[in-house]
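The numbering used here puts the sequence shown at residues 175 to 747.
No residue lacks a Cβ here, since even glycine has one placed at the ideal position from N, Cα and C.
Keep in mind it's a predicted model, so treat the numbers as computed, not measured.
The next block holds one structure in the form of structure tokens; read it before the comments.
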Amino acid sequence: MDRLLGRTLVRSVSAAALVLTCAHVVDAQAVKGALLGNIVDSSGLALPGVTVTITEVNTNISYSAITNESGNYVFSNLKDGTYRVSGELSGFRRVVRDGVDVPVNATVRVDLKLEVGALEESITVVGESPLLQTDRADTSRIIESIHLAEVPLGFNRNFQGMVITVPGALRIQRPHSDFFNAQDSLSANVNGQSRLANNVQIEGIDDNHRTGLLTTLIPSAEAIETVNISTSAYDAEFGRAGGAISNVTLKSGTNTLKGSVFAFGNNEKTNAPGYFTHTQPPGDYLQSGFTIGGPIQRNKLFFFGDYQHIRDNAGRTTRAIIPPSAYRLGDFSASPTAIYDPATGNPDGTGRTPFANNIIPTDRISPIAKAILANVPAPNVAAAPGQPNYQVDYARVKTTDSFDTKFNWQLSQVDQISARLSFLRPKLTDPAEFGAFGGSKQGSPSGNGFSGTGTDTTYSTGVNYTRTWSNTLVMEARGGMNYFHNEALSGGNGLKTAEEVGIRGANIDDWTSGMTSIDFGTNLSLSSPLVGFSGSLPWDRSERTVQFATVFTKVHGNHTIKFGEDFRHTRDF
175 MDRLLGRTLV
185 RSVSAAALVL
195 TCAHVVDAQA
205 VKGALLGNIV
215 DSSGLALPGV
225 TVTITEVNTN
235 ISYSAITNES
245 GNYVFSNLKD
255 GTYRVSGELS
265 GFRRVVRDGV
275 DVPVNATVRV
285 DLKLEVGALE
295 ESITVVGESP
305 LLQTDRADTS
315 RIIESIHLAE
325 VPLGFNRNFQ
335 GMVITVPGAL
345 RIQRPHSDFF
355 NAQDSLSANV
365 NGQSRLANNV
375 QIEGIDDNHR
385 TGLLTTLIPS
395 AEAIETVNIS
405 TSAYDAEFGR
415 AGGAISNVTL
425 KSGTNTLKGS
435 VFAFGNNEKT
445 NAPGYFTHTQ
455 PPGDYLQSGF
465 TIGGPIQRNK
475 LFFFGDYQHI
485 RDNAGRTTRA
495 IIPPSAYRLG
505 DFSASPTAIY
515 DPATGNPDGT
525 GRTPFANNII
535 PTDRISPIAK
545 AILANVPAPN
555 VAAAPGQPNY
565 QVDYARVKTT
575 DSFDTKFNWQ
585 LSQVDQISAR
595 LSFLRPKLTD
605 PAEFGAFGGS
615 KQGSPSGNGF
625 SGTGTDTTYS
635 TGVNYTRTWS
645 NTLVMEARGG
655 MNYFHNEALS
665 GGNGLKTAEE
675 VGIRGANIDD
685 WTSGMTSIDF
695 GTNLSLSSPL
705 VGFSGSLPWD
715 RSERTVQFAT
725 VFTKVHGNHT
735 IKFGEDFRHT
745 RDF
């Protein structure tokens, strides 16, 4: 099997699309949030020179800014979290606003009103209505960790199951075979676009297969802090999307050491039997793991980590249409399809002579066919002609191990950095109906002869650095990589089954080993392939995407200029 070698180089320079807006409508960053507002006195007049301080309550990290001549202030490139906002100016009472949530890729407005009084006096604002995002035009949905914990996510507790809650999204699907999509990526068509038009990122780092077919790495739901899903009017810096853009932010450590232990499971005793098969194949599912996060140095350096193990022995039922006893003896008298003697007729197909009564003499039956049919079991289900007459329950065995580690470091008042490493490796075995002779796997999620073993080793890493050069200039730089190595082998890998039944020259090497796939089409109403394995197996494919991006946000008076670059290099091999 030839190996596919391809290189894709993507460069996008967003400086070509400068965004000029009022300071109070600054855009949030792809992996950060923004907080802004306007401060006035009791008569409604703008107050310049007010010192605005915001403090992230879980890490006790603070930032300060001064309102401009219009009373506006802005904090861009903020880590998602819950903030306390205070405003103070000599001759006025200090005002404090608690419980301000700033999500990723969101712009939150907090306007304050200062009243005349001593600075030592303060007013704390609580119990106000939820903050509305009135400074952005994009259509988006923020999914928080509590939603992932309390809402039934369905398949593998995958966060992508929540895309259905976003306006414009259609039903969630799981594309491709278990081998090709071993990580269990889900997708949906959004706003009438192909699923290939979606874009998934982990903290701003690309998390897609080159073609957009699948998401590369799926973090554990227990490790996710928020998922921001935008479906229209998103910022130019995102790019590579026409459908939905999902940006996943992992949890971070705080000043409090905390964690969790979790487990979710089911088995054939808790699941309903198949509607048409009326059986419940053996199988069990268990997802378990833990999370932990806390301070390494309080108010400065924090860590978070998680581990997850999934045992997914999926109970399945495969059905097939296999030759009945009469067919195996050459008796096709019950078939409406005429069987012609291949030793008769002209080269153009005319003049052929059918076998008498549609019965092939036993001495004319190929010894290869006899050898193959000897390894195909007899029908075990009573069925009308052309309907499945063979059924077997089995378990597809799969285990997946994954972990995430993340560090956040407040280097100084103006420098902060975060680093992340994520890993995922599923391993699976999907047995064939007829052992070394394969089978169609008709009616199973794999189908089309996909039987064998597979692995998918995946890494994703990212580093984000934010530098506040001044109250009016902020830089964010990030770099990272995602990589996967997906290997799948057929159930006949390394065997010379085809040659053992008499098909000479079929098993040359490992790539051509196993039983040859034999496809009867639909003329005899038999499953196809009747025996053998998918022609797509085996495969050995890898892909690596390296990304670097830099974004500058400049506030000039009542205007904001945002510019930067995004460089991606993908190697598919």
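Item, Value
"From this set, Phe608, Pro600, Arg641, which residue's C-alpha is nearest Glu661's C-alpha?", "Pro600"
"Could you tell me the alpha carbon to alpha carbon distance between Gly504 and Ala512, rounded to whole angstroms?", "13 Å"
"The alpha helix (DSSP H) spanning Pro600 covers which residue range?", "Element bounds for Pro600: not the alpha helix (DSSP H) but the beta strand (DSSP E), 589-604."
"So if DSSP puts Met655 in a beta bridge, which residue, or which two residues, is it bridged to?", "Thr635, Val720"
"By alpha-carbon positions, which one of Gly628, Gly519, Asp515 ends up nearest to Pro528?", "Asp515"
"When you compare each of Ala545, Tyr564, Ser264, Asn441 to Asn554 by their alpha carbons, which one comes out closest?", "Tyr564"
"Buried or exposed, going by whether 16 or more other CB atoms sit within 10 Å of the CB of Pro222?", "exposed"
"Is Met689 helix, strand or coil when you go by DSSP?", "coil"
"Using a Cβ-Cβ cutoff of less than 7 Å, which residues in the same chain neighbour Asp176 once the five nearest sequence positions on both sides are dropped?", "Note that Asp176 has pLDDT 38, beneath the 50 cutoff, so the model's placement of it is unreliable and no number is given."
"Hey, out of Phe581, Gly665, Thr465, whose CA is closest to Phe608's CA?", "Gly665"
"Nearer than 8 Å: is that true of the beta carbon of Gly628 relative to any heavy atom of the ligand SAM?", "Judged by which ligands are present, the structure shown has none, so any question about the ligand SAM falls away."
"In chain order, what residues of the same chain lie with their CB nearer than 7 Å to the CB of Ala680, ignoring the 5 residues before and after it?", "Ala672, Glu673, Thr686, Thr690"
"Measuring straight from C-alpha to C-alpha, what distance separates Phe249 and Ala208?", "6 Å"
"Do three or more CB pairs link the stretch 227-235 to the stretch 417-434 at distances below 8 Å?", "yes"
"Using the C-alpha atoms, what's the distance from Phe412 back to Leu647?", "21 Å"
"So, are the CB atoms of Gln334 and Thr574 less than 9 Å apart?", "no"
"Where does Arg414 sit, in a helix, a strand or coil, going by DSSP?", "coil"
"Taking a contact to mean a Cβ-Cβ separation below 9 Å, would you say Ser634 touches Met649 in this structure?", "no"
"Can you tell which of Phe577, Ala362, Ser507, Gly525 has the C-alpha that lies nearest to the C-alpha of Pro535?", "Ser507"
"Helix, strand or coil for Tyr237, going by three-state DSSP, please let me know.", "strand"
"Which value, in whole angstroms, describes the spacing of the CA atoms of Asp275 and Gly613?", "55 Å"
"What does DSSP give as the partner residues of Gln461 in its beta bridges?", "Phe438, Ile484"
"Around the C-beta of Ile320, are 16 or more other C-beta atoms found within 10 angstroms, so that it is buried, or is it exposed?", "exposed"
"Taking just the CA atoms, how far does Glu717 sit from Arg745?", "6 Å"
"Hey, Ser216 and Glu289: beta-carbon distance below 9 Å or not?", "yes"
"Write down the C-beta distance between Leu475 and Trp583 rounded to the nearest angstrom, noting that I regard them as a contact closer than 8 Å.", "5 Å"
"Taking all protein chains shown into account, do 16 or more other C-beta atoms lie within 10 angstroms of the C-beta of Pro349, making it buried, or fewer, making it exposed?", "exposed"
"Which of the three DSSP states, helix, strand or coil, is assigned to Thr182?", "With a pLDDT of 42 at Thr182, under the threshold of 50, the modelled position of this residue cannot be trusted; read the value that follows with caution. Three-state result, Thr182: strand."
"Just list the alpha helix (DSSP H) runs in the stretch 513-563, keeping only unbroken ones of 4 residues or longer that don't cross its boundaries, in chain order.", "541-547"
"Distance check for Pro326 and Ser404, CA to CA, integer angstroms please.", "22 Å"
"If you reduce the DSSP assignment to three classes, tell me which class Thr430 lands in.", "coil"
"On a CA-only basis, which of Ala651, Thr390, Gly560 is nearest Ser596? Give me that one, please.", "Thr390"
"Hey, could you find the ends of the alpha helix (DSSP H) Ser319 is sitting in?", "319-324"
"Within a Cβ cutoff of 6 Å, which residues of the same chain sit near Ile419, ignoring the five residues on either side of it in sequence?", "Asn373, Ser404, Tyr408, Phe412"
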